[in-house]
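S.K.: Below: one structure in structure tokens.
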Amino acid sequence: MKISQRLLAIVRRTGRFLAVAAWWALGIWAMLAIFFTAPGSAWLGWPLAFAVIWPFWKARRERKKSKDSPEAASRSKRYSLVALAAAAIVGVYYFGFVTPDPNQNWVAEQSRMPIVDVEGDKVYVKDIRNFTWRTATDFDAKFYDRVYDVSKINSMYYIVAPMPVWDGVAHVFVSFGFTDGQHCTVSVEGRRVVGKPYRLIPSLFRQYQLIYVVGDERDVLGLRGAIWKKQVFFYPAKTTKERMQRIFVDMMQRAHDLEEHPEFYNLVTNNCMNNITDHLRLLGGRTVPHDIRLLLTGLSDRLAHRYGFIDTDLPFEAARRAFRVDQWMQTTPLDEGFSDRLREQLAKQVAEEQKKAGEAK
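Counting the sequence shown from 1 gives a position; the working numbering is that position plus 762.
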């Protein structure tokens, strides 16, 4: 009897804790949603955010007094209704009226959405990015058009660029190689407005739109490794040519859909990792497992190595050293020969790590 009473007490306490956590989660979400998306300046966002969170705080405060005061219990119910009404209004506004506007003053490197047409084995892409970077603010902006022959795809690389503050979060993207010497990088990003840098918390609240950047390796990789000086890991993918080709086509079709149906980027639900894994899973067969650790995109290369999606026999730490390319990028020109030299450098680094592994045995 005592054991059952204790279990019941634990269940009740757990239930109360979860209810309080859910209450505050709803309140904080509503507060941040209206703060970030309220029309006008932050001067309006602050008072609206306070107005939303205030009844949540009052309801909890009166609830604590309700055991000893019927009046407090009544006030708690009234404040709770006001809080729920406020959250409902924010929800209707947020999901019904905050919609993507593609006509904004975008930063230069995301100023053009690629225009894609898929016709059988031919993929026609307009506005492929090919910037020449000298510094983050000094560059030559260039876009061009190209026809890709899907049947000529023979390699695919998975790229991980960890955030400087914490490498548990990273930007991930892919690059494709063709037998005719072409290379195409596809990067799923949060599209930024001039004067509005990327921030993690705002990215959860419809502050950036989704864009598929299609560009040259010397531009998209070079920007991160040589200009921003972030770590960049360039892993060869272990899969079939047919699968690489189908992934490329699927990504191009998704880019085409975004032209007509813009979407918001979201750090958790609609980010670079989500979209890449969605492309893989749509194709069936052996694919990326559903693993909660993929929410931490900086760990995705470790998982890819564990599940055999990286084309290497090296242990993971050795593979990270072998396929890290940002330090090399800082010593080589970001010119038209970049992609060929990149692969030569990878071959050297892999050979060095294999030699070390052999000597250690």
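Ideal placement from N, C-alpha and C gives every residue a C-beta, glycine not left out.
As the structure is a prediction and not an experimental result, all values here were calculated from the model.
Which of helix, strand or coil does DSSP assign to Gly807?
M.R.: If DSSP states are grouped into helix, strand and coil, Gly807 belongs with the helices.
S.K.: By the three-class DSSP mapping on this structure, what secondary structure does Leu794 have?
M.R.: Three-state result, Leu794: helix.
S.K.: Our contact map puts Val976 next to Val909 with C-beta atoms below 8 Å; I'd like the distance itself, whole angstroms only.
M.R.: Their Cβ separation, rounded to whole angstroms, is 13 Å, which puts Val976 and Val909 out of contact at 8 Å.
S.K.: Please report the distance separating the alpha-carbon of Lys1118 from that of Asn865.
M.R.: Distance between the alpha carbons of Lys1118 and Asn865: 53 Å.
S.K.: Which complete alpha helix (DSSP H) runs does the region 939–997 hold, if anything under 4 residues is left out?
M.R.: Correct list: 979–984.
S.K.: Would you call the CB atoms of Ala988 and Leu1096 closer than 8 Å?
M.R.: Yes, the pair counts as a contact, with Cβ atoms nearer than the cut-off.
S.K.: Give the DSSP bridge partners of Thr894, in chain order.
M.R.: The partner list for Thr894 (beta bridge, DSSP) reads Asp902.
S.K.: For Lys1117, name the three-state secondary structure that DSSP assigns.
M.R.: Helix at Lys1117.
S.K.: Count the other CB atoms, across all protein chains shown, that sit within 10 Å of the CB of Phe812; report buried if there are 16 or more and exposed otherwise.
M.R.: The residue in question, Phe812, is exposed, as its Cβ has fewer than 16 Cβ neighbours within 10 Å.
S.K.: Run the CB neighbour count on Gly984, radius 10 Å, all protein chains shown included, and call it buried at 16 or more, exposed below.
M.R.: Buried, since its Cβ has 16 or more Cβ neighbours within 10 Å.
S.K.: How long is the line joining the alpha carbons of His1041 and Gln1007, rounded to whole angstroms?
M.R.: Between His1041 and Gln1007, the C-alpha separation is close to 12 Å.
S.K.: Which value, in whole angstroms, describes the spacing of the CA atoms of Glu881 and Glu1121?
M.R.: Computed Cα separation, rounded: 51 Å.
S.K.: What does the alpha-carbon distance come out to for the pair Ser1101 and Leu1108?
M.R.: Roughly 11 Å separates the two Cα atoms.
S.K.: Hey, could you find the ends of the beta strand (DSSP E) Tyr855 is sitting in?
M.R.: Careful: Tyr855 lies outside any beta strand (DSSP E), inside the alpha helix (DSSP H) at Pro832 to Phe859.
S.K.: Hey, how far is the Cα of Glu1021 from the Cα of Arg1068?
M.R.: Rounded to the nearest angstrom, the two C-alpha atoms are 36 Å apart.
S.K.: Can you list, in chain order, the residues of its chain whose CB lies under 6 Å from that of Val922, leaving out five sequence neighbours each side?
M.R.: So the list reads Ala932, Val934, Phe995 and Asp1063, once near-sequence residues are dropped.
S.K.: Can you give the beta carbon distance from Ala792 to Pro817, rounded, assuming they're within the 8 Å contact cut?
M.R.: Wrong, their Cβ atoms sit about 10 Å apart, outside the cutoff.
S.K.: Leaving out five residues before and five after Pro705 in sequence, what residues of the same chain have Cβ atoms less than 7 Å from its Cβ?
M.R.: Residue 705 lies beyond the residue range present for the chain, which begins at 763 and ends at 1123; the question has no answer from this structure.
S.K.: Classify Leu769 as buried or exposed, calling it buried when 16 or more other Cβ atoms lie within 10 Å of its own Cβ.
M.R.: The residue in question, Leu769, is exposed, as its Cβ has fewer than 16 Cβ neighbours within 10 Å.
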